[in-house]
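Take a look at the structure set out below.
Numbering (full-length UniProt numbering), first residue to last: 1 to 610.
Following this line, the structure appears as structure tokens:
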């Protein structure tokens with residue numbers, strides 16, 4: 001009981017820390033997947049975010065933020081689970097989400113679009129069918145094709161034999177058999193349709209290394225005094241004959257080489273630190289490697305191979321390390337089968353890589369659009385390339401801005417997140433002046449709040465501009481810790497020092513009285529915090545904030561006064577809404593208002609709930 005309580009407390013503490021970090025950045029990526037544990041299915045949701053204070057190689061990190069039990073397995077239910085989980089860490093609007101990555105079931109049920117509508121419906125974010133699942137589906141498509149029945153036959157035979165010796169008496173028999181021959185068996189692994197290529201490669205390798213012992217263990221069972229039932233006897237005889245067939249080991253070793261390649265690349269695309277163009281290059285490399293393996297295998301049986309084929313043949317030991325260790329030379333019929341499997345894998349990997357289901361539908365995914373836009377994505381986000389480019393900053397900034405606008409036109413980034421050419425140029429100047437040249441170090445420099453041109457950070461975030469905007473500050477009044485603090489303003493408080501001259505520029509030409517009569521003016525008064533003793537060396541404000549509901553239904557702050565008394569040093573801060581100006585005083589005023597609201601919310605929770 002104590003351990004469960006401690007785990008829960010630790011989890012809540014981590015979630016609060018994650019929430020704090022999310023509030024400091026423009027957006028996060030969301031990853032979702034379903035997992036069945038102890039016969040109950042949970043909807044695991046993780047966020048991928050930037051950690052500015054981490055070491056450069058750790059700057060992009062992912063955190064699991066929830067795993068609710070799935071009670072409604074349709075699209076609406078899954079989207080609602082993700083929405084509720086994201087709200088725990090402060091993600092309450094679609095513009096806070098840069099993309100959602102998930103497997104096919106989520107896309108078939110239109111979960112990303114439903115999630116966007118459930119958050120606020122203001123924007124639709126890219127929906128990515130994750131590459132690991134797509135690789136798994138491509139492999140499954142090919143393996144289950146009628147012409148590739150031999151591959152499934154190998155899998156079925158491995159499964160049947162491994163089940164006999166993986167647990168209990170079967171495992172003990174295999175261990176005893178190994179002790180007699182001075183060999184130590186590896187624990188047999190079972191094939192899984194839901195696990196990725198890395199697991200499949202382990203299954204094949206373990207089975208190939210255990211093959212002599214498995215044959216010996218089957219022979220001992222057949223020779224045992226207590227003979228099994230006739231049906232089981234016939235099954236074991238058939239399995240033993242198949243294992244001893246020379247073509248079986250050839251096929252097993254060929255598949256070991258192929259799945260080892262698939263495993264390496266599957267692990268690579270699962271890295272949350274791989275940049276988009278690196279991941280796409282990895283996919284291209286995988287396809288090229290499988291094609292080279294096919295060419296090298298086939299060319300060695302040709303009488304007059306082409307020069308390009310001879311290059312691949314010269315690397316056949318590297319391309320086919322397990323197959324070439326086989327005692328017998330593969331016959332041409334088996335070579336043709338393996339080569340055909342490689343060819344079909346390359347075709348299907350390319351097909352599935354664009355986020356398509358078996359029939360060719362993209363199901364609303366953005367994989368194809370992202371692949372087609374990779375040049376623009378790299379132009380915007382490959383800051384290492386930007387840092388070493390010889391193109392003048394002003395020209396390069398214009399190129400990056402144009403690429404950003406094209407991405408916004410394809411709905412891969414929100415239009416509001418595109419920085420100005422001036423901000424991009426500032427970022428380029430900062431990068432080129434930095435001594436580091438690795439991509440993680442440059443990212444850290446770009447988001448570092450302590451130095452450089454403040455406008456440069458907008459280029460790095462492609463979103464920081466609107467995240468710190470007044471629009472988001474207004475949204476937080478309605479979706480934050482205590483949304484009931486804001487109320488309709490029917491009269492300007494006597495101690496709030498505002499007038500028409502100050503506010504008219506922000507009230508769409510209305511006077512204060514006209515705005516009040518139109519029910520467009522709202523007030524947040526945190527006078528209740530006044531008199532609360534702050535920590536030594538700190539100051540706690542008791543601010544008042546005036547908000548205006550504009551024609552676009554956006555709630556925007558128009559004045560913040562930090563203390564309750566009127567006049568003196570207690571100036572009213574009006575907004576500065578120019579994208580070309582830094583406004584530290586205005587941002588600081590909003591920050592004080594936010595802290596005071598948090599203090600009031602915590603006090604309310606302590607006094608009435610705890």
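Quick reminder that beta carbons are idealized off the backbone N, C-alpha and C, glycines included.
In the structure shown, residue 66 adopts extended strand secondary structure according to DSSP, grouped into three states. Each of 560, 199 and 484 was checked against the Cα of residue 261, and the nearest Cα belongs to 199.
Taking the CA atoms as reference points, residue 557 sits about 15 Å from residue 499. Distance between residue 400 and residue 421, taken at the CA atoms: about 8 Å.
DSSP places residue 561 inside the beta strand (DSSP E), whose first and last residues are 555-561. When DSSP states are grouped into helix, strand and coil, residue 57 belongs to the helix group.
Of all alpha-carbon atoms in 264, 218 and 258, the one lying nearest the alpha-carbon of residue 242 is that of 218.
Counting along the chain, residue 169 sits inside the alpha helix (DSSP H) bounded by residues 168-180. Rounded to whole angstroms, the gap between the alpha carbons of residue 320 and residue 93 is 51 Å. Judged by their CB atoms, residue 129 and residue 367 are nearer to each other than the 8 Å cut-off. With the rule of 3 Cβ pairs closer than 8 Å, the segment 176-189 does not count as touching the segment 369-382. Ranked by Cα distance from residue 69, the options 57, 33 and 62 are led by 33. Contact between residue 161 and residue 214 holds: CB atoms are separated by about 6 Å, below the 8 Å threshold. It is roughly 53 Å from the alpha-carbon of residue 426 to the alpha-carbon of residue 191. Nearest Cα to residue 142 within the set 372, 343, 473 and 517: 343. Collapsing the DSSP output to three states places residue 51 in coil. Contact between residue 75 and residue 111 is confirmed by a C-beta separation of about 5 Å, below the 8 Å threshold. Beta-bridge partners assigned by DSSP to residue 522: 488 and 547.
DSSP places residue 223 in the helix class (H, G or I) of the three-state scheme. Shortest Cα-Cα distance from residue 323 to any of 89, 561 and 208 involves 208. Boundaries cannot be given for residue 320, as no alpha helix (DSSP H) includes it and DSSP labels it neither H nor E. Restricting attention to 532, 526 and 267, the CA atom closest to the CA of residue 484 is found in 526. Annotation for residue 408: 415 and 418 place their beta carbon closer than 6 Å to its own, counting only its chain and skipping 5 residues before and after.
When secondary structure is reduced to three states using DSSP, residue 366 falls in the coil class, being assigned neither helix nor strand.
Taking 8 Å as the cut-off, the beta carbon of residue 137 is found no closer than this to the beta carbon of residue 477. For the 8 Å CB-CB criterion, residue 106 and residue 201 do not form a contact.
Using a Cβ-Cβ distance cut-off of 8 Å, the segment 36-43 and the segment 13-27 are not in contact, since fewer than three pairs of beta carbons, one from each stretch, lie closer than that value.
Nearest C-alpha to residue 293 among 487, 87, 340 and 517: 340.
Taking residue 442 as the centre and dropping the five residues before and after it, the same chain places the C-beta of 383, 384, 387, 431, 434 and 436 closer than 7 Å to its C-beta, in chain order.
With fewer than 16 other Cβ atoms inside 10 Å of its own Cβ, residue 234 counts as exposed.
Within the model, the alpha-carbon separation for residue 72 versus residue 78 is close to 7 Å. Residue 537 and residue 51 have their alpha carbons spaced roughly 28 Å apart.
Boundaries of the beta strand (DSSP E) around residue 29: 28-37.
Rounded to whole angstroms, residue 59 and residue 337 show a C-alpha spacing of 45 Å. Non-local C-beta neighbours of residue 61 in its own chain, meaning closer than 6 Å and more than five positions away in sequence, comprise 51, ordered along the chain.
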